[in-house]
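K.L.:
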Amino acid sequence: MTATGIEIPLNLVKPSAPYEATVIENRCLTPGSSEDVRHIVLSLGESGLRYLEGQSVGVIPPGLDEAGKPLRLRLYSVASARGGDDDTGTTVSLCVKRTIYENERGEIVRGVCSNYLNDRVAGDRVKICGPIGKHFLLPPDPEQPIVMFATGTGIAPFRAFLRQRSILKHRGAAILIFGVRTSNELLYLEELQALLKEPGDRLALAISREQKNAEGGRMYVGDRLHDLGDDVLRLLSGGAFTIYQCGLKGMEAGVEAAFSRLLSQEGLDFSALKPEWVRAKRWLVDTY
Ligand code: FDA
0 MTATGIEIPL NLVKPSAPYE ATVIENRCLT PGSSEDVRHI VLSLGESGLR YLEGQSVGVI
60 PPGLDEAGKP LRLRLYSVAS ARGGDDDTGT TVSLCVKRTI YENERGEIVR GVCSNYLNDR
120 VAGDRVKICG PIGKHFLLPP DPEQPIVMFA TGTGIAPFRA FLRQRSILKH RGAAILIFGV
180 RTSNELLYLE ELQALLKEPG DRLALAISRE QKNAEGGRMY VGDRLHDLGD DVLRLLSGGA
240 FTIYQCGLKG MEAGVEAAFS RLLSQEGLDF SALKPEWVRA KRWLVDTY
C-alpha cells in the first residue's frame, strides 16, 4: 500500500504463465534518425493486468535458448499513466529502442527482444507479465515537486508521471532534464512541452552531439543541472521533493557530480545528503 492509498500491483501475471497482449499501435518516434525507437501500445484485454507509472512490463520473446529453455524476459518501463493512453485502464504503452550493435568480432548483433517488439504490427500478440518494480513510483503527495533526469528511452516513466499528474487540479512543480544524442531522438518532445506548462515547471534538453557545455565539451544532463541550479535549489529548499534518474547507467556519475558541484556552492555536502535522500526515498534511480 502507498500513502496515496492505492495498492501497488505486483506480479499479477507470472512469467511462467504470461498473458498474450495484442499490439494496438506501433509508431516510430525517431523519423530521420539512425536510432529506431517505437511507441508501442498493448491491449491488456480482460487480463486484469494494470501497471502504475514507474513500473515495468516483462516481455517474453518467442523461441528457445541453446539449452532448449524459453528465452529470458526483458523489462520495459511503462510509458503511459495508469489509465493507459486511451484512459480505459485496459492498455499499456512502451517506448522501445531497437538494440543493434557491433560485437568484438565485428559482427552486427540485433538484440533479441527489442527487435522482436519493434517489428510487431497491430494485431500481433506479445507475451507479457508483471507489473514489476515497486520503488520508482510517484511521490504519494501529488503536490510534492519532482526533478527528473532522463536519457533516451529513460523518458518513458516520466511521460507516464507527467500524464498522470496532469489530470490533477493541484500538483507540485516538475523539472525535467532530458538527454539524447541528436535532436531527432527527442522522444515525445511536443507532448512534454505541453505537459510542463505550470509555474515552476522546467524542461531542459541536453543534446550531446549538437550542443556544447560551458567548457566546450558535449552537453550532458549533468551540465543542464548547472544551468537550472537556482530553480532546482529553490525546489529542494522546500524539504519535500523526489529526484529521479532513468535511462543509461552511465548517466549516474555525471548527475551525481553535477549535484555535488551545485550543492557545494551552497555550502552543502552532497556525499552526506545522498544517503539521507536514498533512505527517505527522495533519490530514486532506474538505470539499465
Ligand atoms: P539482447 O538482450 O539480445 O542483447 C543486449 C545485450 O547485448 C546487452 O545486455 C549487452 O550485453 C549486449 N550489448 C548491447 N549493446 C551493446 C553494445 N553497444 N556493445 C556491446 N554489447 C552490447 N529498454 C527500452 O528500450 N525501453 C525501456 O523503457 C526500457 N526499460 C528498462 C527498464 C529496466 C528496469 C531495465 C532493467 C531495462 C530496461 N530496458 C528498456 C532495456 C531492455 O530490458 C533490454 O535490455 C533491451 O531492450 C535490450 O534487449 P534485447 O533483447 O533487444 O537485447
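Note that numbering that gives the first Met the number 0 has the sequence shown beginning at 0, numbered continuously upward. Backbone N, C-alpha and C define an ideal beta-carbon position, used for all residues, glycine too.
(1) Does the beta carbon of Thr150 fall short of 7 angstroms from some heavy atom of the ligand FDA?
(2) Under 8 angstroms by Cβ, that's how I've got Met147 and Leu175 pegged, so tell me the actual separation to the nearest angstrom.
(3) Determine the closest residue to Gly178 out of Val254, Gly105, Val108 and Gly62, with distance taken between C-alpha atoms.
(4) My output table needs one value for Met250: the three-state DSSP class, helix, strand or coil.
(5) Which stretch, first to last residue, makes up the alpha helix (DSSP H) that contains Lys273?
(6) Would you kindly work out how many angstroms separate the C-alpha atoms of Glu6 and Gly246, rounded to a whole number?
(7) Can you tell me where the beta strand (DSSP E) holding Tyr18 begins and where it ends?
(8) Using the Cα positions of Leu186 and Leu28, report the straight-line distance between them to the nearest angstrom.
(9) So for Leu74, helix, strand or coil by DSSP?
(10) Heavy atom of the ligand FDA less than 7 angstroms from the Cβ of Ala155, yes or no?
(11) Among all the DSSP beta bridges, which residues are the ones paired with Glu184?
(12) Considering only residues of the same chain and omitting the five flanking positions on each side of Gly221, which have a CB-CB separation below 7 angstroms?
(13) What number of angstroms, rounded off, separates the C-alpha of Glu52 from the C-alpha of Ser76?
(14) Going by beta carbon distance, what residues of the same chain come within less than 7 angstroms of Ser182, once the five residues before and after it are set aside?
(15) Work out the CA separation of Val58 and Leu43 for me, nearest whole Å.
(16) Buried or exposed: Ala172, going by 16 or more other Cβ atoms within 10 Å of its Cβ?
(17) Return the residue from the list Val231, Trp276 and Arg217 that minimises the CA-CA distance to Leu202.
(18) So, helix, strand or coil for Thr152, using DSSP?
(19) For Glu142, which residues from the same chain have a beta carbon less than 7 angstroms from its beta carbon, with the 5 sequence-adjacent residues on both sides left out?
P.N.:
The answer reads as follows:
(1) no
(2) 5 angstroms
(3) Val254
(4) helix
(5) Phe269 to Arg278
(6) 26 angstroms
(7) Tyr18 to Cys27
(8) 6 angstroms
(9) strand
(10) yes
(11) None, per the DSSP bridge assignment.
(12) Gly253, Val254, Ala256 and Ala257
(13) 8 angstroms
(14) Ile206 and Glu209
(15) 13 angstroms
(16) buried
(17) Val231
(18) helix
(19) His169, Arg170 and Gly171
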